[in-house]
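With my numbering applied, the sequence shown corresponds to residues 2 to 192, in that order.
Below is one structure; the comments refer to it alone.
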Amino acid sequence: MLDLGCGEGKLLRLLLRHPKIEYILGMDVSHQALARAAQRLHLDEMPPRQRTRIDLIQGSLLYRDERLAGFDAAALVEVIEHLDPNRLAALEAVVFGQARPAHVFVTTPNADYNQLFEKLNAGEFRHDDHRFEWSRAEFAAWAAGVAERHGYQLRLESMGEEVEGVGAPSQMAVFGQPEPALSQLAKAVNT
């Protein structure tokens, strides 16, 4: 399992609780965030057998990285909005083109929901480091394009309690590669 943009390790901690997840690789661009993740996870005190299940690496989602290949799943939890929009094509090429995990989970804030935050003025983002925040329609369009370009199936989900007219606070795209047997069957039927 890949946790891309793992930050201080919140998701990593949850993933470590699942014994069926054999190996977890957390990657972040920030050395400081990785150091905090290592402290939070108590990597120095972790039993050797548990320690072999997790590694933390510094890297960028914008550049090809062979260390990301061969994983069953990847999570980008509240990560994409920290990138400039013109860099999303590079992220797409790395994650969906080069690494190609069987499943990819991408979450991002739902801009439609922002109007419910009393302290957030119109047009402001939830975090100073956010470069953009997408509406549900914008996120759905981006995710559908990624899925089509890279041969993934797509499911969109709301994250959190939904409010009529604006949706939930966050949104998730679940990308999955088609099952090989189904792909072969589809090709046979179409020929």
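Even glycine gets a Cβ: it sits at the ideal position worked out from N, Cα and C.
What you are looking at is a predicted structure, and each value in this text was computed from that prediction instead of being measured.
If you draw a straight line from the alpha carbon of residue i to that of residue j, how long is it in whole angstroms?
i       : j       : result
Arg-156 : Val-80  : 19 Å
Leu-26  : Met-173 : 21 Å
Asp-29  : Ser-61  : 7 Å
Pro-86  : His-19  : 34 Å
Glu-67  : Asp-130 : 28 Å
Ala-90  : Ala-142 : 14 Å
Glu-149 : Gly-166 : 28 Å
Give a yes or no on whether the C-beta atoms belonging to residue i and residue j are separated by under 8 Å.
i       : j       : result
Leu-35  : Gln-59  : yes
Ala-103 : Asp-73  : yes
Leu-92  : Leu-69  : no
Arg-54  : Gln-99  : no
Ala-169 : Glu-162 : yes
Thr-108 : Met-47  : no
Leu-77  : Arg-132 : no
Gln-178 : Gly-152 : yes
Glu-82  : Glu-134 : yes
Arg-127 : Asn-115 : yes
Is residue i helix, strand or coil when you go by DSSP?
i       : result
Asn-111 : strand
Gln-99  : helix
Phe-106 : strand
Ala-182 : For Ala-182, the predicted structure reports a pLDDT of 46, less than 50, and the residue's modelled location is therefore unreliable. A value from the coordinates is still provided. Residue state, collapsed to three classes: helix.
Ala-141 : helix
Ala-70  : coil
Asp-129 : coil
Val-147 : helix
Leu-63  : coil
Taking the beta strand (DSSP E) that residue i falls in, what are its first and last residues?
i       : result
Gln-59  : 55-59
Glu-158 : 154-160
Spatial neighbours of residue i within its chain, please: CB distance less than 7 Å, with the 5 preceding and 5 following residues excluded, ordered by chain position.
i       : result
Ser-137 : Looking at the sequence shown, residue 137 is not Ser but Arg. Around Arg-137: Asn-111, Asp-113, Gly-168 and Gln-172.
Ala-182 : Residue placement at Ala-182 is flagged as unreliable, the pLDDT there being 46, under the threshold of 50; the coordinate-derived value follows with that caveat. No residues qualify anywhere along the chain.
Gly-124 : none
Leu-44  : Arg-52
Residue i lies in the alpha helix (DSSP H); which residues open and close that run?
i      : result
Ala-39 : 32-41
Gln-51 : 49-52
Leu-5  : That residue, Leu-5, is in no alpha helix (DSSP H); its beta strand (DSSP E) goes 3-5.
Within a Cβ cutoff of 8 Å, which residues of the same chain sit near residue i, ignoring the five residues on either side of it in sequence?
i       : result
Ile-22  : Met-2, Leu-16 and Arg-54
Phe-106 : Ala-74, Ala-75, Ala-76, Leu-77, Val-78, Met-173, Ala-174, Val-175 and Phe-176
Arg-9   : Reading off the sequence, residue 9 comes out as Glu, not Arg. Here the set comprises Ala-34, Arg-37, Ala-38 and Arg-41.
Lys-120 : none
Phe-140 : Thr-109, Asn-111, Leu-157, Gln-172 and Ala-174
Val-164 : Tyr-114 and Leu-117
Which residues in the same chain as residue i place their Cβ atom closer than 6 Å to its Cβ, once the five residues preceding and following it in sequence are excluded?
i     : result
Leu-5 : Met-28, Leu-62, Ala-75 and Leu-77
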